[in-house]
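Numbering-wise, the sequence shown is residues -37 to -1, 1 to 700 according to mature numbering (1 follows the signal peptide of the UniProt record, and there is no 0).
Structure, as structure tokens:
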Amino acid sequence: MSTEKKNLAEIMNSQTTLLFLLIAAILWMASLPMVAALPITQPECPENCGGVSIPYPFGIGSGCYLDPSYEIICNSSLTPPKPFLRSFNLEVEEITLKAYFYSSNEESQRITVKTPVQRTCGIQTASISSLDFGGTPYWFTGTDNVLLVGGCGSSVVMRNRSNAILGGCSSLCDESIHDKYFSSCVGIGCCKITLMESGSLDLYRLDVLNFLTGSHNCTSTKLVSETYMNKFYVDPSDPYQFSAVPTVLGWMVANSTGINMPWAGDNKRYCLKYNYTAKMEEGFICFCKEGYHGNPYIPYGCQVSDNCKRCKPGSCLQIRPDSFVCNGEFDFTWGIAVIVVGSVIGLVLVCSGNIYVCFRKRKLILMKEKFFQQNGGLLLKQQLALYGDKESTRIFKVIELKAATKNYSKENILGKGGFGTVYKGIISNQQIVAIKKSKISSQSQVEQFINEVVILTQINHRNVVKLLGCCLETEVPLLVYEYVSNGNLFEHIHEKGDATWLSWENCLRIATEAANAIAYLHSAASIPIIHRDIKSSNILLDDNFTAKISDFGASRLVPIDQSQVTTLVQGTFGYLDPEYFQTNHLTDKSDVYSFGVVLLELLTRRKPLLWGTGVEDGNLAAYFLHSVRNNQLFDIVEPRFIKEATQKQLTMFAKLAEQCLSVKGEDRPSMKEVAKELEELKTKPVNHPRAELDCDENRILSNELKGLCNVPCRKGSEASRLFTMEKDIILEMSSPR
């Protein structure tokens, strides 16, 4: 930990020093003269309304516009505010200035306004006039607008002020008309008139002829900007779909305004006379010279373009709106400044990113260190140094376990239980492991958890899953176990279809191996360990179907001078010791009771809970004792075992299970005794046929079977008491506690 923090601190110090140098360079660059933002209006006049720029000669408010023709009203009662051309009360969407001298279009000054849609309904013929821009600095531009006609059985002719025909179109419909025709506007439900390229109008008239005169038959006409044309095709069945559309107007500064051009002393712009033939009026249009940009209608409104700053004065040539050439001469001073600024910005970004990453790493290191100490990491190291197996026990890093489990992917989940989730993982040495991510527990249990980890690292039994190490850098400690590949006993008994390998001989072997492991935990370990959750799903099977006891999440250490531990009841319903449930006193005999239920699972192939099976009393232990009491043992034994084992073996196995299920813990055998009896039973030869038994042996077995419930600890009242206690457990466990 300390080495990692030291290295990170050195990196951060060097990065911080570099950042200070870069900040100093930025401050130096900031001291250089800066180009002020170019003005577009008269001083102290609003530059925009609702996001629409308002350049002079247009303006908002007294003294901000050239004359009333250019006055803009900003309606702030709307959201967002909207600008309107006061002289015609038209909403303004955009105002542009002439870009540069080499424009192919003389009419490059534009103002886009919203004009009303015109309609005629149920009238056979009609004549419609547009807005009249005569005597104003505005006109309809021919290159930017298209006249759209929507309707069924409609014909429209477009004329100018002198009644000359500019164009015409017809729109027809039938019942098979489809929406796709409206969107193409090719004469079916919609048609269009394109003006001549050089045509410009201050007024137009429309002659409308409706072939269908019904009151619902309407023809709509609108002059719309070609840019937005596709958005305003009209469905003839809904002529009121739009009320206004964007229309592009040209504009100029009329001579009548009294402005002289060019302005004296300003050689950065041109102003050309503009004779609008249709209006028979003269005016002028201004633009900035090559290499300059801005508003040519205000004094000294044209400034050198940023793109020209790399050129020597007078050598910049503008060939397109955003394209300049330096005519062979460069100002290398500006080029060097640009390179320096770009480099400084790049280095600042890189260093800032590195410092951010370093701070984030430092935060993660501190968090991991906090969790390490919080989870008793120092105590664990001390305990392992004194008692643990240093060579076989590792303290893993969180990054290693995240990589091993693919960031705890759902695909790697082996199982979930009451104490956490188990993931399959592959650690750096390519060893496959099982990683248990425990659920959050009380911090008061940290020291006890560490003691348990230390004890588990000392366990070295072939039938106990080995703890390889742990990770304490997370909020909840992670435990790393050896991986056992063949699932658990519960799956093989109850869920997997093919369990042919689970013969009587293998069942007896698995029971013996599990009993030996539990006996080892109870008596052979340096400090006795009560597992507290013995069940078939916690008995794992490796490639050779060897049994291994797993999941010590609920386990408790028992001091050598004590025989029991008082604790809150934990365990799995169906395996839970009734005496422990009632008294909260946990002893090694609690594991014996749970193991007795596992023996019944092996013997009968039935689950510990029998709900929904129609079996009285609802759990396997009570059902077994009831069957034995009524001399029906062989009715519940797995049929396969009756063929593979002798009656005597089955009877002895059942008697052992019955002793493990005694109501009182003191009447149960120890796990050492259980393991010994299973070893003896395993060594007895399996003789097949019950027919081979002589009369005397049959008589002995019959007596043993009858006496199965008559051993000293198994009086009738006690059996009834077990049924009652089991029912109490069912009732209490199914209700909120």
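Each residue gets a CB set at the ideal place from its N, CA and C atoms; glycine is no exception.
Note that the coordinates shown come from a computational prediction; the quantities given were computed from them, not determined experimentally.
Straight-line gap, Q72 to P44 (C-alpha atoms, nearest Å): The count along the sequence shown starts at 1 and reaches residue 72 at position 109. The count along the sequence shown starts at 1 and reaches residue 44 at position 81. Straight-line Cα distance between these residues: approximately 24 Å.
CA-to-CA distance, Q266 to G22, given in whole angstroms: Taking the sequence shown and counting its residues from 1, the one referred to as residue 22 is at position 59. Taking the sequence shown and counting its residues from 1, the one referred to as residue 266 is at position 303. So the two alpha carbons sit approximately 21 Å from each other.
Interface flag, L419 vs chain B, CB-CB below 8 Å: Included in the structure is just one protein chain, with no chain B present.
Reference V427, options N547, A477 and I389, closest by Cα: Translated into positions along the sequence shown, residue 427 becomes position 464. Residue nearest to V427 within the set N547, A477 and I389 is A477 (criterion: CA-CA distance).
Counted within 10 angstroms of its Cβ, other Cβ atoms place S147 as buried (16 or more) or exposed: Here residue 147 corresponds to residue number 184 of the sequence shown, with the count starting at 1. It is exposed - the Cβ of S147 has fewer than 16 other Cβ atoms within 10 Å.
Closest Cα partner of P6 within the set A367, Y263, P541 and A462: Taking the sequence shown and counting its residues from 1, the one referred to as residue 6 is at position 43. Ranking A367, Y263, P541 and A462 by Cα distance to P6 puts Y263 first.
Where D659 falls: helix, strand or coil (DSSP): One-based indexing of the sequence shown puts residue 659 at position 696. Bear in mind that the predicted position of D659 carries a pLDDT of just 42, short of 50, making it too unreliable to give a figure here.
Same chain only: Cβ atoms within 8 Å of V561, ignoring 5 sequence neighbours per side: Sequence index remark: in the sequence shown, residue 561 carries index 598 (1-based). Correct list, in chain order: L452, A474, A477, I497, K498, S499, I502 and Y538.
Rounded separation between S557 and D540 - CA only: Taking the first residue of the sequence shown as 1, we reach residue 557 at position 594. Taking the first residue of the sequence shown as 1, we reach residue 540 at position 577. Going by the C-alpha atoms only, they are around 7 Å apart.
Neighbourhood of L563 by C-beta, 6 Å cutoff - its chain only, sequence neighbours within 5 removed: Sequence index remark: in the sequence shown, residue 563 carries index 600 (1-based). Contacts found: L583, F587 and A620.
Closest Cα partner of L94 within the set C84, V320 and K77: Locating residue 94 in the sequence shown gives position 131, where the first residue counts as 1. Closest by C-alpha distance to L94, out of C84, V320 and K77, is K77.
Range of the contiguous beta strand (DSSP E) that encloses S553: Within the sequence shown, residue 553 is the residue found at index 590, counting from 1. No beta strand (DSSP E) holds S553; the alpha helix (DSSP H) holding it covers D551 to T567.
Expected contact under 8 Å - CB spacing of S134 and C153 to nearest Å: Residue numbering aside, residue 134 sits at position 171 when the sequence shown is read from its first letter. Residue numbering aside, residue 153 sits at position 190 when the sequence shown is read from its first letter. Confirmed, Cβ separation roughly 6 Å.
Pick from K459, I358 and H424 that is closest to L441, judged by C-alpha positions: Here the question's residue 441 lines up with position 478 in the sequence shown. Of K459, I358 and H424, the residue nearest in Cα terms is I358.
Within 8 Å, strictly: CB atoms of T210 and N108: Taking the sequence shown and counting its residues from 1, one reaches residue 210 at position 247. Taking the sequence shown and counting its residues from 1, one reaches residue 108 at position 145. Yes. Within cutoff.
Of the residues L166, G113 and P259, the one placed nearest T59, counting alpha carbons only: Along the sequence shown, one-based indexing puts residue 59 at 96. Comparing Cα positions, the closest option is P259.
Span of the beta strand (DSSP E), counted from its first residue to its last, around D170: Sequence index remark: in the sequence shown, residue 170 carries index 207 (1-based). In the DSSP assignment, D170 falls within the unbroken beta strand (DSSP E) covering R168 to N173.
Cut-off 8 Å between Cβ atoms - residues of its own chain near E640, not counting five sequence neighbours on either side: Against the sequence shown, residue 640 aligns to sequence position 677. Only M615, L619 and P632 meet the Cβ criterion.
Terminal residues of the beta strand (DSSP E) in which F103 lies: Numbered from 1 along the sequence shown, position 140 holds the residue referred to as residue 103. Residues Y101 to T104.
Test item: CB-CB of residue 778 and T384 under 8 Å: No statement about residue 778 is possible, as the shown extent of the chain runs from -37 to 700 and does not include it.
I362, enclosing alpha helix (DSSP H) - first and last residue: As a first step, residue 362 is located in the sequence shown; it is residue number 399 there, counting from the start. From DSSP, the alpha helix (DSSP H) with I362 extends over V361 to A367.
Helix, strand or coil at I74 [DSSP, three-state]: The count along the sequence shown starts at 1 and reaches residue 74 at position 111. I74: strand per DSSP, three-state reduction.
DSSP state of T546 mapped onto helix, strand, coil: Reading the sequence shown from its first residue, position 583 is the one you call residue 546. It is helical.
CA-to-CA distance, G150 to T104, given in whole angstroms: To locate residue 104, count along the sequence shown from 1; it is residue 141. To locate residue 150, count along the sequence shown from 1; it is residue 187. Near 24 Å, if we compare the C-alpha coordinates of G150 and T104.
Alpha carbon of K155 to alpha carbon of T83, nearest angstrom: Looking up residue 155 in the sequence shown gives position 192. Looking up residue 83 in the sequence shown gives position 120. In a straight line, the C-alpha of K155 is about 17 Å away from that of T83.
Buried/exposed call for R232, threshold 16 Cβ in 10 Å: Taking the first residue of the sequence shown as 1, we reach residue 232 at position 269. It is buried - the Cβ of R232 has at least 16 other Cβ atoms within 10 Å.
Beta-carbon proximity check, K635 vs A397, cutoff 8 Å: Position 672 of the sequence shown, counted from the first residue, corresponds to residue 635. Position 434 of the sequence shown, counted from the first residue, corresponds to residue 397. No, these two residues do not count as a Cβ contact at 8 Å.
Burial state of K387, where buried means 16 or more other Cβ atoms lie within 10 Å: Position 424 of the sequence shown, counted from the first residue, corresponds to residue 387. Buried is the call here.
Reduced DSSP secondary structure (H/G/I, E/B, other) of S16: The residue given as residue 16 occupies position 53 in the sequence shown. Reduced to three states, the DSSP call for S16 is strand.
Alpha-carbon to alpha-carbon, S466 and H494: Counting from one through the sequence shown, the residue named residue 494 turns up at place 531. Counting from one through the sequence shown, the residue named residue 466 turns up at place 503. Near 27 Å, if we compare the C-alpha coordinates of S466 and H494.
Y19 versus V216: straight-line alpha-carbon distance, rounded: Residue 19 sits at position 56 when you count from the first residue of the sequence shown. Residue 216 sits at position 253 when you count from the first residue of the sequence shown. Those two C-alpha atoms are separated by around 11 Å.
K252 to I17 span [Cα, whole Å]: Counted from its first residue, the sequence shown places residue 252 at position 289. Counted from its first residue, the sequence shown places residue 17 at position 54. Between K252 and I17, the C-alpha separation is close to 22 Å.
Where S372 sits in the DSSP three-state scheme: Position 409 of the sequence shown holds residue 372. It is coil, neither helix nor strand.
Residue burial classification, A127 (beta-carbon count within 10 angstroms, cutoff 16): The residue you call residue 127 lines up with position 164 of the sequence shown. With fewer than 16 other Cβ atoms within 10 Å, it is exposed.
Proximity to Y167 [Cα-Cα], best of M192, L110 and K429: Along the sequence shown, one-based indexing puts residue 167 at 204. Residue L110 is the option with its Cα nearest to Y167.
S90, DSSP secondary structure in three states: Locating residue 90 in the sequence shown gives position 127, counting from the first residue. It is a strand residue.
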